[in-house]
Amino acid sequence: MLSGTVRSVGLLGSQYFTNHCEFLSQIKGYLNYDMIGRNHREDQPEYVVYFYTAAHPAFGAWLKKDIAQYGFRLQPDYRAWDNPIGGSDNGSFARFKIPIIWWHTDGHPDYHKPSDHPHLLNWDKMVEITKASYLNLWRLANEKHY
Numbered sequence: 001m002l003s004g005t006v007r008s009v010g011l012l013g014s015q016y017f018t019n020h021c022e023f024l025s026q027i028k029g030y031l032n033y034d035m036i037g038r039n040h041r042e043d044q045p046e047y048v049v050y051f052y053t054a055a056h057p058a059f060g061a062w063l064k065k066d067i068a069q070y071g072f073r074l075q076p077d078y079r080a081w082d083n084p085i086g087g088s089d090n091g092s093f094a095r096f097k098i099p100i101i102w103w104h105t106d107g108h109p110d111y112h113k114p115s116d117h118p119h120l121l122n123w124d125k126m127v128e129i130t131k132a133s134y135l136n137l138w139r140l141a142n143e144k145h146y
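For the record, in the sequence shown the residue sitting at position 53 is 53 according to the UniProt record's numbering, with numbers rising by one throughout.
Take a look at the structure:
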């Protein structure tokens, strides 16, 4: 399994990796973290989009269970996607039928602008996403079927 936090210009890094990886068939899944630090709307500080490969509904069930069990302060918009290619690095992996989980907080007024400063980050939400995604990674590594 792989986890990505930074998008390369034009997806060059993820495309190069998937096009040249000698162990691609052994990758169990790819987690992508895209713009997870900001709020889409200030009145919804716990909102997060949780995209995942539709052929793996367990990915959605995992997060629902973890929120109930551990009390994560997240309000996910669950989006099962049958072809999760999009414009982020997860697309390079989805092209090769590698299951993906893609954490995103949607756009905001400073999206991809120099005005997107660190003091605007929602650190609490990033911590909650990090904890929940750790459990995603744990299950990907340890469960045989999902």
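Where is the CB? At the ideal position from N, CA and C, for every residue including glycine.
- Per the C-alpha coordinates, the member of 103, 24 and 98 positioned closest to residue 82 is 98.
- Measuring C-alpha to C-alpha distances from residue 49 to each of 67, 62 and 78 identifies 78 as the nearest.
- Sixteen is the threshold: since fewer than 16 other Cβ atoms of the shown chains lie within 10 Å of the Cβ of residue 114, the residue is exposed.
- For residue 104, the enclosing beta strand (DSSP E) starts and ends at 100-104.
- In the three-state reduction of the DSSP assignment, residue 26 falls in the helix class.
- Counting the other CB atoms within 10 Å of its CB gives residue 33 a total of 16 or more, which places it among the buried residues.
- Residue 120 places its beta carbon 8 Å or farther from that of residue 31.
- Inside the UniProt domain "Peptidase M28" (10-132), DSSP marks whole beta strand (DSSP E) runs of 3 or more residues at positions 30-34, 47-53, 75-81 and 100-104, from first to last along the chain.
- Within its own chain, the residues whose Cβ lies closer than 8 Å to the Cβ of residue 100, once the five positions on either side in sequence are excluded, are 29, 30, 31, 32, 51, 52, 53, 84, 90, 93 and 94, listed in chain order.
- Cβ-Cβ distances below 8 Å link residue 129 to 33, 36, 48, 74 and 103 in the same chain, with the five nearest sequence neighbours on each side left out; the list follows chain order.
- Excluding sequence positions up to five before and after residue 21, its CB lies within less than 8 Å of the CB of 27, all in the same chain and listed in chain order.
- Collapsing the DSSP output to three states places residue 146 in coil.
- Taking 8 Å as the upper bound for CB-CB distance, residue 134 and residue 58 are not in contact here, some 17 Å apart.
- Of the candidates 122, 61, 88 and 80, the residue whose Cα lies closest to the Cα of residue 14 is 88.
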